[in-house]
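Taking it in order: structure first as structure tokens, then the write-up.
Protein chains: 2
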Amino acid sequence: MNCQGNALKTDLYELTMAAGYFQNNMADIKAVFELSCHTMPPNRSYLVSCGLEQIVEYILNLKFSEEDINFIKSIPAFKAVDPSFFEYLKSFKFTGDLWAMPEGEIFFAGEPVIQVVAPLIEAQILETYLLSVLNVETLVATKAARVVQAACLDGKERSVIDFGSRRAHGPQAGILAARAAYIGGCLGTSNVYAGKHFGIPLYGTVAHSWIEAFDSEHAAFKAYFDVFPQNSILLIDTYDTLKAAQEISRLKFKKDIKGVRIDSGNLKILSKKVRQLLNKEGLHQVKIIASGNLNEYKIAELVKAKAPIDIFGVGTDMVTSRDYPALDLTYKLVEIEDGKGNIQFKAKRSQGKKTIPARKQIFRKFTKKCKIERDSLGLFSEAPDDTIPLLKPVLEAGKLAQGLPALEEIRKSFKEKVLTLPEACLNTERSHYLKPVLTPRLRQLSNSQG
Amino acid sequence: MNCQGNALKTDLYELTMAAGYFQNNMADIKAVFELSCHTMPPNRSYLVSCGLEQIVEYILNLKFSEEDINFIKSIPAFKAVDPSFFEYLKSFKFTGDLWAMPEGEIFFAGEPVIQVVAPLIEAQILETYLLSVLNVETLVATKAARVVQAACLDGKERSVIDFGSRRAHGPQAGILAARAAYIGGCLGTSNVYAGKHFGIPLYGTVAHSWIEAFDSEHAAFKAYFDVFPQNSILLIDTYDTLKAAQEISRLKFKKDIKGVRIDSGNLKILSKKVRQLLNKEGLHQVKIIASGNLNEYKIAELVKAKAPIDIFGVGTDMVTSRDYPALDLTYKLVEIEDGKGNIQFKAKRSQGKKTIPARKQIFRKFTKKCKIERDSLGLFSEAPDDTIPLLKPVLEAGKLAQGLPALEEIRKSFKEKVLTLPEACLNTERSHYLKPVLTPRLRQLSNSQG
Chain A
30 MNCQGNALKT DLYELTMAAG YFQNNMADIK AVFELSCHTM PPNRSYLVSC
80 GLEQIVEYIL NLKFSEEDIN FIKSIPAFKA VDPSFFEYLK SFKFTGDLWA
130 MPEGEIFFAG EPVIQVVAPL IEAQILETYL LSVLNVETLV ATKAARVVQA
180 ACLDGKERSV IDFGSRRAHG PQAGILAARA AYIGGCLGTS NVYAGKHFGI
230 PLYGTVAHSW IEAFDSEHAA FKAYFDVFPQ NSILLIDTYD TLKAAQEISR
280 LKFKKDIKGV RIDSGNLKIL SKKVRQLLNK EGLHQVKIIA SGNLNEYKIA
330 ELVKAKAPID IFGVGTDMVT SRDYPALDLT YKLVEIEDGK GNIQFKAKRS
380 QGKKTIPARK QIFRKFTKKC KIERDSLGLF SEAPDDTIPL LKPVLEAGKL
430 AQGLPALEEI RKSFKEKVLT LPEACLNTER SHYLKPVLTP RLRQLSNSQG
Chain B
30 MNCQGNALKT DLYELTMAAG YFQNNMADIK AVFELSCHTM PPNRSYLVSC
80 GLEQIVEYIL NLKFSEEDIN FIKSIPAFKA VDPSFFEYLK SFKFTGDLWA
130 MPEGEIFFAG EPVIQVVAPL IEAQILETYL LSVLNVETLV ATKAARVVQA
180 ACLDGKERSV IDFGSRRAHG PQAGILAARA AYIGGCLGTS NVYAGKHFGI
230 PLYGTVAHSW IEAFDSEHAA FKAYFDVFPQ NSILLIDTYD TLKAAQEISR
280 LKFKKDIKGV RIDSGNLKIL SKKVRQLLNK EGLHQVKIIA SGNLNEYKIA
330 ELVKAKAPID IFGVGTDMVT SRDYPALDLT YKLVEIEDGK GNIQFKAKRS
380 QGKKTIPARK QIFRKFTKKC KIERDSLGLF SEAPDDTIPL LKPVLEAGKL
430 AQGLPALEEI RKSFKEKVLT LPEACLNTER SHYLKPVLTP RLRQLSNSQG
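Sequences listed follow chains A and B, in order.
Using our numbering, you'd call the opening residue of the first sequence number 30 and step up by one each time.
Using our numbering, you'd call the opening residue of the second sequence number 30 and step up by one each time.
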């Protein structure tokens, strides 16, 4: 993505706090912040970690340009701020550590996904950007995983393609959603920029306007095939889906048609009738693509009803996570050093918003059959037997600890991780949430903090 | 916003159709597309047009770079496309007309907000970007208007500030939401980039992490005041809101404090008790700011309960339009010229997705008391008596018809437009939707199209 001007893509209070820490000689105090989600969204049994690559890109490129600094100076609230703070911003860069779950990891509410260990001022400045990126990508990857799961409910492989860019919250959200949907298991996207930037396979043929621009569907189908013989998916619902399906048998190139798309009407009935019509003509090779306000629930219904649909195009519901468009992610201070280098544990005690102090690690335990048995939330220094820690080092002293995985690798990794979910977590209609348990040591520490 | 690489921020099918029109010698046929919303969201009685400035910026700067074109060439579907199409893309620019409702205009489902009159290929290519920008900005401006309305439910002026960037769908969505929220009536935003780019007033002080980073709330309050004496809003809910409010009376600078913020707990009870404590100390000047998962319904409850809150900070619900995060906006072909220069009217007849053909205009009629009486949807060439047309020329032959209004002007205009809404439309808890009626001529034409 574009990194220009990113330093100002933040909440003002990150900058007022930065100036405040700086002037109070607290900028360099070592602090630990954790980013986590408090509540499981309805019907979700798991979340899919997504967005880390964009976060790392942001952190590695984060700097304040002269223009940025001049603007901050001009904000009325900054009138009394000491000029040395603006000098500091000129050379700002992130020098701390970042620990995180790898993208495509499965996690649950209450578990830190990202952990920043850095000078207080640096850790604070990251907050807003990290939250907004992780929010949208994790939401969409999670939703996409559910949609793909529904499409394959009967054990048969069916594909889902992201068609949502037009309904995303602006062009950038569409691109981030395309990436997240791919990680969540989609076959590809309609978003061309995402295809170029991330290498995601691209799909798309024509809209209804194409069909309408011609005098007849026959003419529209032929004109399209002439230009795109290798990509011959015909849109058949502009006027009368069944008539259009019959029209196909009159096309000279009918044996070369790859698919038909139905975007409206009763998809269960229409897909069955269209399949019959196609099969009667021996056009068994023609796949049926369905689209139009689909989501995991509607797709599950179609699969259960044995609608002969091969590919689902999913848009709005997936890219906006329509039924739950915002995770309650927070970025909380959990540890800070005092002046003497001792660690102080920190927690909020606000009503309904209590947090658990201390730098943590998530320890995942598997059954003998390689299913997730339980996650424990413990102190970072713990290492319970037979568990695997989920937070891994990503940045060390401001530099990449190791190369980030390729997108294909992340997608494959998530596909494998899904297999570790207990059966009950795979029901998309009911939440079965494996709430992490605190280790005795973390519980004791948390209780002692009031 | 950043315009680089915008040409690829689109659905693949816009480009396959473009190539198809080009190779079928249809690229230059004059076409009319209309962008409109089909369904009123629940409880909404009106929508606030927002996003036109970003759309115009996109169109005026739209071009395909060599890198963009090389990428399109490399997409497998484009294998058989004639090289002359890629030559055409090199010199692509929008040469058509754009008509639109001004930003900040009030509109209803069924009314075209944007109308593109252009060579078919040019009009088609704009679709995805236009939809995604208008979707998010219109959603958020509409939601913000409702939130502001609730805050002033009893006729008393109260301010709303956008705090939502962290929960927006990525950094760009946060910036667009800040703009839309400002147009919808917010006092300002926490988003620094939006402050710089759009000149929106900025607000923000500290997070809970600031309070926790100090040994006591007293120390945290004092350290903040030392740096920001002009911006002294103290966050008082980190541990115990009432204790923190009492702490304020012990601050030497208590007479200079501008406000306190409460971000959790029972805001109705806490705001009343905090107000009492402050008043007892003679601190009548200290404003109470409330935040934390607020929306129009919760704010209305607080106002009805006479909670002494002066300013509301609103985030997630507003910037994601949480209860309805996607409008069903579509971009439909309504007219096209045939080979002989005659106009053909176009409409979709898909089940549940029927559209009304012909280039249209919206004619608004007002009562004698300057309230909206009725909108009529008519042919573009009509001019019913005593009505005002809502679609205005924005681009003519690819160039600005006139300068776009400044943001402050748009905000002011919306504030005035709200006053034209009938009383029944101002109830945020029930939809009273003034459905536009078709003029006899448009109804006749629409019926004749089947």
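For each residue, glycine too, the CB sits at the ideal point set by N, CA and C.
One question on the structure: do residue i and residue j come within less than 8 Å of each other, judged by their Cβ atoms?
{"i": "F250 of chain B", "j": "L271 of chain B", "result": "no"}
{"i": "L91 of chain B", "j": "K122 of chain B", "result": "yes"}
{"i": "P465 of chain B", "j": "G213 of chain B", "result": "no"}
{"i": "G133 of chain A", "j": "S442 of chain A", "result": "yes"}
{"i": "G49 of chain A", "j": "V289 of chain B", "result": "no"}
{"i": "R388 of chain A", "j": "I417 of chain A", "result": "no"}
{"i": "L424 of chain A", "j": "I88 of chain A", "result": "yes"}
So with CB distances below 8 Å, who are the chain A contacts of residue i?
{"i": "K108 of chain B", "result": "Q259"}
{"i": "H237 of chain B", "result": "K361, L362, K377 and S379"}
{"i": "G342 of chain B", "result": "None at all; the shortest Cβ gap to chain A is about 11 Å."}
{"i": "L89 of chain B", "result": "Chain A residues near L89 of chain B: none, gap ~16 Å exceeds 8 Å."}
At a Cβ threshold of 8 Å, is residue i touching chain A?
{"i": "T167 of chain B", "result": "no"}
{"i": "I298 of chain B", "result": "no"}
{"i": "G199 of chain B", "result": "yes"}
{"i": "G49 of chain B", "result": "yes"}
{"i": "A210 of chain B", "result": "no"}
{"i": "N72 of chain B", "result": "no"}
{"i": "R196 of chain B", "result": "yes"}
{"i": "I104 of chain B", "result": "yes"}
{"i": "L37 of chain B", "result": "yes"}
Taking C-beta pairs closer than 7 Å, name the residues in chain A that residue i reaches, listed in chain order.
{"i": "G233 of chain B", "result": "D40, L41, Y42 and T45"}
{"i": "L81 of chain B", "result": "Simply none; closest approach about 14 Å."}
{"i": "A355 of chain B", "result": "R196, T345, T349 and R351"}
{"i": "Q153 of chain B", "result": "S238"}
{"i": "N17 of chain B", "result": "The requested residue 17 of chain B does not occur in the structure, where chain B is confined to residues 30 to 479."}
For a contact meaning CB atoms closer than 8 Å, what does residue i contact in chain B?
{"i": "T267 of chain A", "result": "K377, R378 and S379"}
Under a three-way DSSP split, which group does residue i fall into?
{"i": "V332 of chain A", "result": "helix"}
{"i": "S477 of chain A", "result": "helix"}
{"i": "I417 of chain B", "result": "strand"}
{"i": "I88 of chain B", "result": "helix"}
{"i": "R187 of chain B", "result": "coil"}
{"i": "P141 of chain A", "result": "strand"}
{"i": "P469 of chain B", "result": "helix"}
{"i": "I340 of chain B", "result": "strand"}
{"i": "E425 of chain A", "result": "strand"}
{"i": "A173 of chain B", "result": "helix"}
Would a check of beta-carbon distances place residue i closer than 8 Å to chain B?
{"i": "F100 of chain A", "result": "yes"}
{"i": "E366 of chain A", "result": "no"}
{"i": "G294 of chain A", "result": "yes"}
{"i": "R205 of chain A", "result": "Residue identity differs from the one stated: residue 205 of chain A is Leu in this sequence, not Arg. Yes, L205 of chain A counts as interfacial toward chain B."}
{"i": "N220 of chain A", "result": "yes"}
{"i": "T349 of chain A", "result": "yes"}
{"i": "G370 of chain A", "result": "no"}
{"i": "K382 of chain A", "result": "yes"}
{"i": "T157 of chain A", "result": "yes"}
{"i": "K302 of chain A", "result": "no"}
Going along chain B, which residues have a C-beta under 7 Å from residue i?
{"i": "P524 of chain A", "result": "Any question about residue 524 of chain A goes unanswered here, given that chain A covers just 30 to 479."}
{"i": "Y253 of chain A", "result": "G49"}
{"i": "M55 of chain A", "result": "A242"}
Below 7 Å, is the gap between the Cβ of residue i and the nearest heavy atom of the ligand MN?
{"i": "A60 of chain B", "result": "Because no ligand of any kind appears in the structure shown, any question about the ligand MN cannot be addressed here."}
Using a Cβ cut-off of 9 Å, pull out every chain A residue sitting near residue i, in sequence order please.
{"i": "L118 of chain B", "result": "Near L118 of chain B there are no residues of chain A at all, since even the closest Cβ is about 12 Å away, more than 9 Å."}
{"i": "Y326 of chain B", "result": "The contacting residues do not exist; Y326 of chain B stays about 16 Å from chain A at best."}
{"i": "T27 of chain B", "result": "With chain B running from 30 to 479 in the structure shown, residue 27 of chain B is simply not present."}
What in chain B is Cβ-close to residue i, meaning under 9 Å?
{"i": "Q52 of chain A", "result": "A252, D255 and V256"}
inquiry  = To test your reading of the DSSP string, which unbroken alpha helix (DSSP H) runs of 4 or more residues are found completely within the segment 99-136 of chain A?
reply    = 112-119
inquiry  = Restricting to runs no shorter than 4 residues, where is the alpha helix (DSSP H) found entirely within the segment 36-85 of chain A?
reply    = 41-52
ask   = Which runs of the beta strand (DSSP E), 3 residues or longer, sit entirely within the segment 200-268 of chain B?
value = 262-264
message = Going residue by residue through the segment 343-405 of chain B, where are the continuous alpha helix (DSSP H) segments of at least 4 residues, counting only ones entirely within it?
response = 345-348
query = Unbroken beta strand (DSSP E) runs of length 3 or more, entirely within the segment 272-316 of chain A: which are they?
reply = 288-291
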